Structure formats: structure tokens, C-alpha cells
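Written out below as C-alpha cells is the structure these notes cover.
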Amino acid sequence: MTDLIEGVKPQVRRHWHSGQWHMETGEVVEEIAVTLFVNGQEYVTVALTPLDLRDWVTGFLAGEGLIEHASDITVFLWRPEDGQLWVRVPNAPKHPQKGRYLGSCCGQSRPGFFEPSGMSPLQAPLTLHVEKLQAVFGELSRWSHTQHSGGLHVAGLTNGETLLLARADVGRHNALDKLYGAALARNPMDFGASVILFSGRLSAEIIWKTRLMGCPAIVSNAAPTSLGLRLAEDLGITAVGFLRDDELSVFTHPERIVSAP
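Take the sequence shown: its letter number 176 is residue 176 in UniProt numbering, and every next letter is one higher.
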């Protein structure tokens, strides 16, 4: 058996192929429940892939509004034996929302989470070329196949020319949180001149996270949702879906996307 790629575990299975049963050992994506404690208080339990946990908690807490910078987390302690992650954030609220459980497929779903009234639309004068977007998305796909087994969502950050960062997780929301955290730890990062590359559905929460990061565009090979597109329109975000080698669809703010003459 070959060495396992990060984020997967061996699994014996009974496999039907060409009219016969075979016993074989394959790989499955690793998914565990991680309980996050903030300043000694249980905050949330999340189902995720135990890769890049520092990046995940940084991006997650930034999205929750508990931190602004990666350095705001002064203590990070991961206890794999019991799936507990302990962090200290000195300036966090004393009584944050706590005790939630988030599955790997689910977002935060807090009341009022998708109301754009408190967030101004992005006005970034960004120009993106179709051909370069397709090329850099291919770079993200190759990174994913090299670093991880199948079954993981991936999120990447690009300047429109090359892949700057990439992270993966069984959950699409987690993958984006990990990307956000990795970018916050990489100082400086010009989010206003960056584009998110994404392997998952462009739902309302994914668009909201995109706005929280300050990125004016997100490009996916998957479909958008109606609420996601309404938010993207209101928040000044260019939403691109169904990206393939020879096609893509621009749903909102298409003025940022151009093709070669």
C-alpha cells in the first residue's frame, strides 16, 4: 500500500467490478468533530478535515467578528486525542454565542446573517481575463489532485495571474475559512485585488464570506443559488459559475470579466 495523502484514511471495502467482487483497501476523506473553546468557553463543534487547523480557526473567528488579525489569537492548543481546540482571544466578547454544531455541509445560519444593509458594496476596479481565470483554476485543480485525495472541497486565492494560496476541507465553508485564515496570516494581503477560486456551490453564506474578506469576485465550477446571486448583486461582487475548460457563466457585475480580443 502506498503512503496516504494528507486528509485521508485507509478503508477496506468490498468492490464490484467487471462482474466480480474484490476486497481492497482504498482511501476516504478524513472527517472529525472538533470542539472549539474560546477563552475557556465552549463555542462551537464543527465537522471538518483536520488539516490547517490554525488557518481554519483564524478564518472562522474572523468571520464571526471575534478577531481582525491572525495575531489576535494569542494561544492555540490542539488536542487531537479528544478533538478539542483551545484558543485565547484577549479582546473577544465575554459572552459570545456558544454551543452550536456545524456539519461539514452547513454554514452558520445565524439570524440576520444575510442582511446586506450593514455592508457597503465593493467598488474595486478589477479587470479579469476569461482565459487567465480558466488557466489559474486549472492550477488549483492540479494542486488539489496532487495534495489530496478526491472528496475535498478546495478554495484558492488568485490575483488573476497565478495561484497565491489554496486550502482544502471536506466542507466548502471550512475550506473558505481556512483560505481566509491563511491569507490573514500572510501580511500584507490585498483582498481588494484578489479573486476567490472555489469548488463549491455559490450559496448566500459563501457570498457573504467573500464580502467579509473584501474580495470583489468569486469563481466556481459549480452552480449559484438565487439568494447567493441577490447578495452578490447587492454587495458589488462578481459571481462566476459553471467554469469549464471552454466556458463559464457570469451572473453578477459582469463588467469585471473580459475576454481576449
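Every residue gets a Cβ at the ideal spot worked out from N, C-alpha and C, and that includes glycine.
Predicted model only: the values in this text are computed from it and were never measured.
Kindly list the residues whose CB is nearer than 7 Å to the CB of residue i, restricted to its own chain and excluding five residues on each side of it in sequence; keep chain order.
i: residue 212; result: 63
i: residue 33; result: 45, 47, 83
i: residue 229; result: 239, 251, 252
i: residue 90; result: 74
i: residue 92; result: 38, 39, 66
i: residue 119; result: 211, 235
For residue i, which residues of its own chain have a beta-carbon under 6 Å away from its beta-carbon, when the five flanking residues on both sides are left out?
i: residue 232; result: 207, 239, 252
i: residue 16; result: none
i: residue 176; result: 155, 209
i: residue 36; result: 43, 44, 85
i: residue 151; result: 29
i: residue 214; result: 191, 192
i: residue 260; result: 131
i: residue 137; result: 197, 243
i: residue 186; result: none
How many Å lie between residue i and residue j at the Cα?
i: residue 224; j: residue 13; result: 35 Å
i: residue 153; j: residue 219; result: 14 Å
i: residue 125; j: residue 202; result: 22 Å
i: residue 145; j: residue 123; result: 35 Å
i: residue 235; j: residue 243; result: 22 Å
i: residue 121; j: residue 246; result: 30 Å
i: residue 139; j: residue 222; result: 17 Å
i: residue 31; j: residue 49; result: 5 Å
i: residue 197; j: residue 158; result: 7 Å
i: residue 57; j: residue 248; result: 32 Å
i: residue 41; j: residue 164; result: 35 Å
i: residue 184; j: residue 170; result: 21 Å
i: residue 80; j: residue 61; result: 20 Å
i: residue 142; j: residue 188; result: 26 Å
i: residue 256; j: residue 77; result: 42 Å
i: residue 135; j: residue 23; result: 39 Å
i: residue 162; j: residue 52; result: 22 Å
i: residue 133; j: residue 160; result: 6 Å
i: residue 174; j: residue 94; result: 25 Å
My understanding is that residue i touches residue j, with C-beta atoms under 8 Å, so please give their C-beta distance in whole angstroms.
i: residue 178; j: residue 59; result: 6 Å
i: residue 55; j: residue 181; result: 4 Å
i: residue 38; j: residue 75; result: Actually they are not in contact, since the Cβ atoms of residue 38 and residue 75 sit about 10 Å apart, beyond 8 Å.
i: residue 216; j: residue 237; result: 6 Å
i: residue 172; j: residue 200; result: 3 Å
Under 8 Å Cβ to Cβ from residue i, same chain only, skipping five residues before and after it: list those, please.
i: residue 19; result: none
i: residue 258; result: 127, 128, 129, 130
i: residue 21; result: 14, 15
i: residue 11; result: 25, 26, 27, 28
- Which whole runs of the alpha helix (DSSP H) in the segment 176-251 are 4 residues long or more, in chain order? 204-213, 226-235
- Counting pairs of Cβ atoms below 8 Å between the segment 58-74 and the segment 189-198, do you hit three or more? no
- Task: Return the chain-ordered ranges of every alpha helix (DSSP H) run that is complete within the segment 125-179 and spans a minimum of 4 residues.
- Result: 130-147
- Message: At 4 residues or longer, what runs of the alpha helix (DSSP H) sit wholly inside the segment 23-102?
- Response: 53-63
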